[in-house]
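Enquirer: Residue numbers are given in UniProt numbering: position 75 of the sequence shown equals residue 75, and the series is strictly consecutive.
One structure, pasted below without further comment.
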Amino acid sequence: MLRKLTSKPARLVVGTAVASLLVLAACDQQDTRLERARDLADATLDQLSGRTIVEQDGTPALETADVMDRAIAGTLRNDMPFDTESERPMFAIGSIIAKPKDIPPAETMAVETEDEVFLADPEALAETAEESADSPPVAAPTPSTSRSLTIVEPARVMPKVKLDPNARSKSLSEIEKATEELERTAELEPEPPTKTRSLSPRSLEAAPVQEKEAARKLARRSVISKDAIRAQRDANSVMLDTLSKYGVGGEVAMSREGQMVIQIGEDGGSPTRFDTQSGPKSAFQNFLAIDQKIECPDDPDMVTVQSNPVMATECIVKDLRASGQFEYVEKDYIFENQFARKPRPDTPGTSPDVTGGTITETDITPNDPLWSLQWHFQNNGTGEGESSGGAGFQDFWTRQGTEGSPDIVVAVVDTGLQMNHPDIKDSPNIAPGWDMVSDPRMGNDGDGRDSDPNDPGDLCDPSVPYAADTFHGTHVAGTIGAAATNNGAGVAGGAWNVKIVPVRALGKCGGRLSDINDAIRWAGGLIPAEDKEGNEVWNDNPADIINLSIGLFEYCPASLQDAIDSVTERGVIVVSAAGNARVATQFYAPGGCANVISVAAGDARGQIAPYSNFGPEVDILAPGGDLTRDDNGDGRPDGVLSTKASTNCYDPVTGEGVENCFYAYEQGTSMAAPHVSAALALLKARDPDANADTLISTLLAAVDPREPQQCAGSCALYPGTTPIEGSPDMCLRPCGQGLLNLAKVPERATGGGGQ
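Here it is, written out as structure tokens:
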């Protein structure tokens, strides 16, 4: 929680923090810099205030809609301190991610260049086109029931290896068995292709649609290589030696591209039986630990290590790194959604009978009744039906002749999707997804990974006052286009016609890094998931764009960067929230990772929001909302309005309270990122053959540059930032190349396209 620094000692603390950050900027102590960034974020102030409410005339669409098609949650707050996200990150106890060294980049079943796709075997097209989402089964290992394994059993097609320090010979045999199994699986896959057949965009124009889709899917898939097999075999032996040193057993999950996840426990027992937490979260998070940056001693006491799974995790990570066998070894961090959350819910509405302005008849306007309250999609300007923070979606729909295309796929890696939401359950925009939450304790749905990406809720600790399920992924996906737009109910999405693939990777208390890594690869079509029978299940709709409205107060983990690089190398665009910690984005992941479009949050004025991260890593500013302001004078908070089941709602026409509703205002860089994902989906629909670089260049050119004051904040609130010349009390918070404005996209010479 943010604290007001009004006393002289408090001001001295801020001054000292600023000076310390400037000193640290000149050194390479990354952990120290990150720790100081957290301290500074914790010391920032909240200077938000409410605005005067101005009544406007209502629109017929809103007034005539059914109450449940227009009821919303979220009212204006004059004072709303934010929950700080600057506390130390958490990690899954006994879960470690590692990748052996010297594994060449994963080969694919086809070679996709900027303009062409080449296939070694033309007949493979016909075969792949006939495949269903459930591909033919591949040999899968029989799950072990040994007590030396943790109870967490992530579902994987690749083999899992039991490593038991009390049965070394047997463990070595398990390693060889898994290696042989991988080799047999590799033999069933095609050899790495040579460029024997070109499927360029021109040649594909005459090809059947199924053939084109099959070629694109094949171009994504990773092939199991002999190098990856040998490297994982050798790495397993090193892991066995390390576990034996501490008398700790475990299980290692292998993969196509070499990333390995090891689950450990004392003497092979489950780490969940150790309660390492204290305080109100202990009953619900005893399988998670706060990262206290504990260092393993040079000569650790074995009894201490074996009785403390947190210390065991740290020591094993340290030893594996020191072995020189691995490209990276890291803890399985826990990511959170990027809502800028308020500490308590608003009361049912006493809001006046007001709505947004009317739209001119010449513009393409969805008939969804809540459209007039979605300032974030409206044209940028100060006129009637416009917003100074609007992203110009309406102008794009009107001038470019497209509201999207079902051929364009956006994967939303998040908390899943409320499949029974009335504006989503019948939407034509939802494609089959996957639940990648491996740990049943975090899954909150009674099992691990499966084909059901429905969001059952993510409430972590019911003992926290006013805690509730966020249904975060539903809000994010609704902004992109999961909701049925122009259906006379609820809200509109940014891309009316788009294919949304929900990939659930966050559950109760957050999401594991290992699950997120797999979710990214599966969404991109690189690796298969596994059904209950052990069969491979590939994503039948590989993503063009992946939205990551998630965050971790930590430098970009190496395994996450590896996963991002894997999909972007194949032409996928990854869009990420910059984060809500009010610090430089370099301290945050995935917003600070390379090869992502990092998105900061703007308010209805087109200025950077107080909670948003900032810095040179940010690429673009997009509407994220501010629930404490009403700069458009519509009587509502300037949050982003989207799909989400909520309570404590109200009727925006009558102001009467409604117990439950399906639409809500939220704020955060989580809300900003899906605006950019939707914009990229529209650009791809307009130019289907455009590659990722072209789409990104077009996107970043479609911005309104910001003046320094529009990307600024009080120097007292953002220690370490640079004062603006002529405004000594205001400091610069770089927010990218400008505010997203699709109205700046030039019309195509051919007059547009898409559907």
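Cβ coordinates follow ideal geometry from the N, Cα and C atoms, glycine included.
Every value quoted in this text rests on a predicted model; they were computed, and no experiment measured them.
If Ala231 and Phe91 are in contact, beta carbons under 8 Å, what's the gap, nearest whole angstrom?
Expert: Along the sequence shown, read from residue 1 onward, the residue named residue 231 stands at position 231. Along the sequence shown, read from residue 1 onward, the residue named residue 91 stands at position 91. Actually they are not in contact, since the Cβ atoms of Ala231 and Phe91 sit about 25 Å apart, beyond 8 Å.
Enquirer: Closer than 7 Å by C-beta to Asp363: which residues in its own chain qualify, once you throw out the five before and the five after it? Chain order, please.
Expert: Position 363 of the sequence shown, counted from the start, is the residue given in the question as residue 363. Result list for Asp363: Gln394 and Thr398, in chain order.
Enquirer: Measuring only the C-alpha atoms, how far is Tyr466 from Pro542?
Expert: Locating residue 466 in the sequence shown gives position 466, counting from the first residue. Locating residue 542 in the sequence shown gives position 542, counting from the first residue. Cα atoms of Tyr466 and Pro542: separation of roughly 38 Å, rounded to the nearest angstrom.
Enquirer: Under the DSSP definition of a beta bridge, which residues are partnered with Ile550?
Expert: Translated into positions along the sequence shown, residue 550 becomes position 550. BP columns for Ile550 point to Asn337.
Enquirer: Along the chain, which unbroken stretches of the alpha helix (DSSP H) at least 4 residues long are found entirely within the segment 225 to 274?
Expert: 226 to 246
Enquirer: Return the chain-ordered list of same chain residues with a C-beta closer than 6 Å to the C-beta of Gly639, the five sequence neighbours on each side being excluded.
Expert: Along the sequence shown, one-based indexing puts residue 639 at 639. The residues are Gly74, Gly625, Leu627, Tyr665, Glu666 and Gln667.
Enquirer: Please classify Pro420: is it buried, with 16 or more other beta-carbons within 10 angstroms of its beta-carbon, or exposed?
Expert: The sequence position of residue 420 within the sequence shown is 420, counting from 1. In the sequence under discussion, the amino acid at residue 420 is Asn, which differs from the Pro named in the question. Counting Cβ neighbours within 10 Å, Asn420 comes out exposed, since fewer than 16 surround it.
Enquirer: So Gln338 and Ile550 are supposed to be a Cβ contact under 8 Å. How far apart are they, rounded?
Expert: Taking the sequence shown and counting its residues from 1, one reaches residue 338 at position 338. Taking the sequence shown and counting its residues from 1, one reaches residue 550 at position 550. Indeed, because the Cβ distance is near 6 Å, the residues count as touching under 8 Å.
Enquirer: When DSSP labels each residue in this structure, what does Gly639 get in the three-state scheme?
Expert: In the sequence shown, residue 639 corresponds to position 639, counting from 1. Looking at Gly639 - three-state DSSP - the assignment turns out to be coil, as it is neither helix nor strand.
Enquirer: Hey, how far is the Cα of Pro165 from the Cα of Cys649?
Expert: Reading the sequence shown from its first residue, position 165 is the one you call residue 165. Reading the sequence shown from its first residue, position 649 is the one you call residue 649. Answer to the nearest angstrom: the Cα atoms are 57 Å apart.
Enquirer: Rounded C-beta distance between Thr479 and Ala678? I'm assuming under 8 Å.
Expert: Here residue 479 is taken as the residue at index 479 of the sequence shown, counted from 1. Here residue 678 is taken as the residue at index 678 of the sequence shown, counted from 1. About 7 Å; that satisfies the 8 Å criterion.
Enquirer: Report the residue ranges of all alpha helix (DSSP H) runs contained in full by the segment 380 to 434; include only those spanning at least 4 residues, in chain order.
Expert: Counting whole runs of 4 or more residues, the segment 380 to 434 contains the alpha helix (DSSP H) stretches 393 to 400.
Enquirer: With a threshold of 16 other CB atoms inside 10 Å of the CB of Gly524, please say whether the residue is buried or exposed.
Expert: Numbered from its first residue, the sequence shown carries residue 524 at position 524. Gly524 should be labelled buried.
Enquirer: With contact counted as at least three CB pairs below 8 Å, one residue from each stretch, are the segment 601 to 615 and the segment 714 to 734 in contact?
Expert: Result yes; three or more Cβ-Cβ pairs closer than 8 Å.
Enquirer: Between Ala391 and Leu717, is the Cβ-Cβ spacing less than 8 Å?
Expert: Position 391 of the sequence shown, counting from 1, holds the residue named residue 391. Position 717 of the sequence shown, counting from 1, holds the residue named residue 717. For Ala391 and Leu717, no; Cβs fall outside 8 Å.
Enquirer: Exposed or buried, which one is Asp689 when buried takes at least 16 other CB atoms within 10 Å?
Expert: As a position in the sequence shown, residue 689 is number 689, starting the count at 1. Flag for Asp689 reads exposed.
Enquirer: Taking the DSSP output, what are the residues bridged to Tyr663?
Expert: Position 663 of the sequence shown, counted from the first residue, corresponds to residue 663. According to DSSP, Tyr663 bridges with Thr643.
Enquirer: Helix, strand or coil for Asp572? Go by DSSP, reduced to three states.
Expert: Within the sequence shown, the letter at position 572 stands for residue 572. It should be noted that the sequence gives Val, not Asp, for residue 572. Three-state DSSP puts Val572 in coil, outside helix and strand.
Enquirer: How far does the alpha helix (DSSP H) with Ile527 in it reach, from first residue to last?
Expert: Against the sequence shown, residue 527 aligns to sequence position 527. That residue, Ile527, is in no alpha helix (DSSP H); it is neither H nor E in DSSP.
Enquirer: Within the continuous alpha helix (DSSP H) that includes Ile175, where are the two ends?
Expert: Taking the first residue of the sequence shown as 1, we reach residue 175 at position 175. Ile175 -> alpha helix (DSSP H) spans Arg168 to Glu187.
Enquirer: Using the three-state DSSP reduction, which class does Glu327 fall into: helix, strand or coil?
Expert: As a working mapping, residue 327 is identified with position 327 in the sequence shown. Note: Glu327 maps to strand in three-state DSSP.
Enquirer: Which term fits Pro456, buried or exposed, when burial requires 16 or more other beta carbons within 10 angstroms of its beta carbon?
Expert: For this step, residue 456 is matched to residue 456 along the sequence shown. Per the 10 Å Cβ criterion, buried.
Enquirer: Given 8 Å as the limit, is there contact between the segment 700 to 717 and the segment 565 to 573, that is, 3 or more CB pairs closer than that?
Expert: no
Enquirer: Is the CB-CB distance between Asp630 and Pro637 below 8 Å?
Expert: Locating residue 630 in the sequence shown gives position 630, where the first residue counts as 1. Locating residue 637 in the sequence shown gives position 637, where the first residue counts as 1. A contact, by the Cβ cut-off of 8 Å.
Enquirer: Let's test the definition: count the other Cβ atoms within 10 Å of the Cβ of Gln374 and tell me whether it reaches 16, buried, or not, exposed.
Expert: The sequence position of residue 374 within the sequence shown is 374, counting from 1. The residue is buried, with at least 16 neighbouring Cβ atoms inside 10 Å.
Enquirer: With DSSP as the reference, identify every bridge partner of Arg512, one or two as the case may be.
Expert: Numbered from its first residue, the sequence shown carries residue 512 at position 512. Listed as beta-bridge partners of Arg512 by DSSP are Ile334.
Enquirer: Return the CA-CA distance between Lys499 and Gln30, expressed in angstroms with no decimal places.
Expert: Mapped onto the sequence shown, residue 499 falls at position 499. Mapped onto the sequence shown, residue 30 falls at position 30. Annotation: Lys499 to Gln30 spans about 40 Å, alpha carbon to alpha carbon.
Enquirer: Output needed for Val618: all residues of its chain with C-beta closer than 7 Å, excluding positions within five of it in sequence on either side, in chain order.
Expert: Translated into positions along the sequence shown, residue 618 becomes position 618. Its chain contains Ala578, Thr585, Ser598, Ala600, Pro734, Cys735 and Gly736 as the residues whose beta carbon lies nearer than 7 Å to that of Val618, once the 5 sequence neighbours on both sides are disregarded; these appear in chain order.
Enquirer: DSSP on Asp593, reduced to helix/strand/coil?
Expert: On the sequence shown, position 593 is the one that residue 593 refers to. For the sequence presented, residue 593 should be read as Cys rather than Asp. Three-state result, Cys593: coil.
Enquirer: Are at least three pairs of beta-carbons, each pair with one atom in the segment 303 to 317 and one in the segment 329 to 338, less than 8 Å apart?
Expert: yes
Enquirer: Measuring only the C-alpha atoms, how far is Gly404 from Leu641?
Expert: Indexing the sequence shown from 1 puts residue 404 at position 404. Indexing the sequence shown from 1 puts residue 641 at position 641. In a straight line, the C-alpha of Gly404 is about 20 Å away from that of Leu641.
Enquirer: Have a look at the DSSP bridge pairing and note the partners of Arg504.
Expert: Residue numbering aside, residue 504 sits at position 504 when the sequence shown is read from its first letter. Its beta-bridge partners are Asp414 and Asp435.
Enquirer: Given a cut-off of 8 Å on the beta-carbon distance, is the pair Leu263 and Lys99 in contact?
Expert: Sequence index remark: in the sequence shown, residue 263 carries index 263 (1-based). Sequence index remark: in the sequence shown, residue 99 carries index 99 (1-based). The sequence shown places Gln at residue 263, not Leu. The Cβ atoms of Gln263 and Lys99 do not sit closer than 8 Å to each other.
Enquirer: For Thr722, write down the residues that DSSP places opposite it in a beta bridge.
Expert: In the sequence shown, counting from the first residue as 1, residue 722 sits at position 722. Note: Thr722 sits in a beta bridge opposite Leu732.
Enquirer: Under the DSSP definition of a beta bridge, which residues are partnered with Ala712?
Expert: Working through the sequence shown from its first residue, we reach residue 712 at position 712. Ala712 is bridged to Leu732.
Enquirer: Would you tell me roughly how many angstroms separate the C-alpha atoms of Gly633 and Cys556, rounded to the nearest one?
Expert: As a first step, residue 633 is located in the sequence shown; it is residue number 633 there, counting from the start. As a first step, residue 556 is located in the sequence shown; it is residue number 556 there, counting from the start. Spanning the two alpha carbons is a distance of roughly 40 Å.
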